[in-house]
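The block underneath contains the structure these notes are about, expressed in structure tokens.
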């Protein structure tokens with residue numbers, strides 16, 4: 115019985131150590147990391163930059179959880195909006211705050227106020243394979259646009275790992291999984307809602323994180339894109 119207890123305890127600590135090791139390779143889980151995402155419009159012109167600063171990483175139960183602040187800077191370097199969120203990882207999946215999935219150049223980037231959003235995570239397995247389907251995700255965001263209350267309902271569905279591709283940005287080169295998905299977005303201003311259906315593709319590097327994303331309208335026209343352009347650890 116004593117040997118069984120020792121073996122079980124050893125396996126538990128080994129699993130926890132492996133979880134921490136698997137999680138900490140992601141930039142989402144790196145203490146004091148600063149991630150710069152550049153945002154482009156449909157003409158591939160720079161619209162602004164999203165800065166993510168990892169403020170704290172701590173163990174909570176079986177999860178490793180990081181807290182971050184994010185600021186959207188316009189193309190002139192002026193801060194337009196600011197919010198905060200969390201990432202979490204248990205070694206099997208990493209939960210990415212869904213605010214990171216707003217299409218580049220989308221309406222949320224124009225909010226001249228602090229953003230309030232539900233805590234919602236998009237799950238990425240720490241090990242992926244081509245052909246794999248991933249879980250859906252949804253969240254709600256509230257803010258103001260030109261002094262008027264604004265609500266965004268945002269859903270991601272039909273996520274599929276399509277291929278493996280090498281992606282290069284000014285921040286480096288990564289071997290990524292190419293993931294396609296659908297976006298259902300409804301923006302309501304003073305109670306009047308405008309629905310929008312988009313398709314998107316993102317490139318996610320194993321053990322690192324999201325490198326690039328592109329969004330398209332239902333006719334396949336590019337609407338905007340986002341890519342990591344700087345990483346400080």
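Numbering (our numbering), first residue to last: 115 to 347.
Every residue, glycine too, gets a C-beta built ideally from N, C-alpha and C.
Assuming contact is defined by CB atoms lying nearer than 8 Å, are residue 281 and residue 325 in contact in what I supplied?
Counting from one through the chain shown, the residue named residue 281 turns up at place 167. Counting from one through the chain shown, the residue named residue 325 turns up at place 211. Closer than 8 Å, so yes.
Let me confirm a value: residue 173 is counted as buried when at least 16 other C-beta atoms fall within 10 Å, else exposed. Which label applies?
Counted from its first residue, the chain shown places residue 173 at position 59. Its Cβ having fewer than 16 others within 10 Å, residue 173 is exposed.
Own chain, CB closer than 7 Å to residue 141, minus 5 neighbours either side, in chain order
As a position in the chain shown, residue 141 is number 27, starting the count at 1. Within the same chain, residue 141 has close Cβ partners 147, 149, 322, 323, 345.
With burial defined as no fewer than 16 other Cβ atoms inside 10 Å of the residue's Cβ, what is the status of residue 202: buried or exposed?
By one-based count along the chain shown, residue 202 stands at place 88. When all chains shown are included, residue 202 counts as buried.
Quick one: grab the DSSP three-state call for residue 347.
Counting from 1 along the chain shown, the entry for residue 347 is found at position 233. If DSSP states are grouped into helix, strand and coil, residue 347 belongs with coil.
Just tell me which of 266, 316, 284, 288 has its CA closest to the CA of residue 273.
Within the chain shown, residue 273 is the residue found at index 159, counting from 1. Residue 273 has its Cα closest to that of 316, out of 266, 316, 284, 288.
Just tell me which of 264, 155, 160, 290 has its CA closest to the CA of residue 241.
Looking up residue 241 in the chain shown gives position 127. With distances taken between Cα atoms, residue 241 lies closest to 290.
Option in 243, 195, 301, 251 with minimal Cα separation from residue 209
On the chain shown, position 95 is the one that residue 209 refers to. It is 251.
Pick out whichever of 168, 206, 256 has its Cα sitting closest to the Cα of residue 303.
One-based indexing of the chain shown puts residue 303 at position 189. Minimum Cα distance to residue 303 is reached at 256.
Give the straight-line distance between the Cα atoms of residue 198 and residue 244, rounded to the nearest whole angstrom.
Working through the chain shown from its first residue, we reach residue 198 at position 84. Working through the chain shown from its first residue, we reach residue 244 at position 130. The alpha-carbon atoms of residue 198 and residue 244 are separated by roughly 32 Å.
As assigned by DSSP and simplified to three states, the class of residue 313
By one-based count along the chain shown, residue 313 stands at place 199. Reduced to three states, the DSSP call for residue 313 is strand.
Inter-residue spacing [alpha-carbon to alpha-carbon] between residue 190 and residue 176:
Here residue 190 is taken as the residue at index 76 of the chain shown, counted from 1. Here residue 176 is taken as the residue at index 62 of the chain shown, counted from 1. Cα to Cα, residue 190 sits roughly 42 Å from residue 176.
Skipping 5 residues on each side, what residues in its chain have a beta carbon closer than 6 Å to that of residue 246?
Here residue 246 refers to the residue found at position 132 of the chain shown. Closer than 6 Å at the Cβ level, and outside the excluded window around residue 246, lie 275.
Identity of the residues DSSP links to residue 320 by a beta bridge
Here residue 320 corresponds to residue number 206 of the chain shown, with the count starting at 1. None, per the DSSP bridge assignment.
Measuring straight from C-alpha to C-alpha, what distance separates residue 347 and residue 144?
In the chain shown, the residue the question calls residue 347 occupies position 233. In the chain shown, the residue the question calls residue 144 occupies position 30. Straight-line Cα distance between these residues: approximately 7 Å.
DSSP state of residue 224, grouped into three classes?
Locating residue 224 in the chain shown gives position 110, counting from the first residue. In this prediction, residue 224 has a pLDDT of 43, which is less than 50 and means its spatial position is unreliable; what the coordinates show is noted afterwards. The answer is helix: DSSP assigns residue 224 an H, G or I state.
What does a CB cutoff of less than 8 Å around residue 287 pick up in its chain, not counting 5 residues either side in sequence?
Working through the chain shown from its first residue, we reach residue 287 at position 173. Here the set comprises 280, 281.
Three-way DSSP call (helix, strand, coil) for residue 242 in this model:
Reading the chain shown from its first residue, position 128 is the one you call residue 242. The answer is coil: DSSP assigns residue 242 none of H, G, I, E or B.
Pull up the DSSP beta-bridge partners for residue 149, would you.
Taking the chain shown and counting its residues from 1, one reaches residue 149 at position 35. For residue 149, which the question treats as bridged, DSSP gives the partners 166, 345.
Could you check the C-alpha separation between residue 186 and residue 206 for me, to the nearest Å?
Here residue 186 corresponds to residue number 72 of the chain shown, with the count starting at 1. Here residue 206 corresponds to residue number 92 of the chain shown, with the count starting at 1. For residue 186 and residue 206, the distance between alpha carbons rounds to 31 Å.
Per-residue burial, residue 222 [other beta carbons within 10 Å of its own, 16 or more giving buried]:
To locate residue 222, count along the chain shown from 1; it is residue 108. Note that residue 222 has pLDDT 44, beneath the 50 cutoff, so the model's placement of it is unreliable and the number below is only indicative. Residue 222 comes out buried.
Ends of the alpha helix (DSSP H) at residue 233?
Taking the chain shown and counting its residues from 1, one reaches residue 233 at position 119. That residue, residue 233, is in no alpha helix (DSSP H); it is neither H nor E in DSSP.
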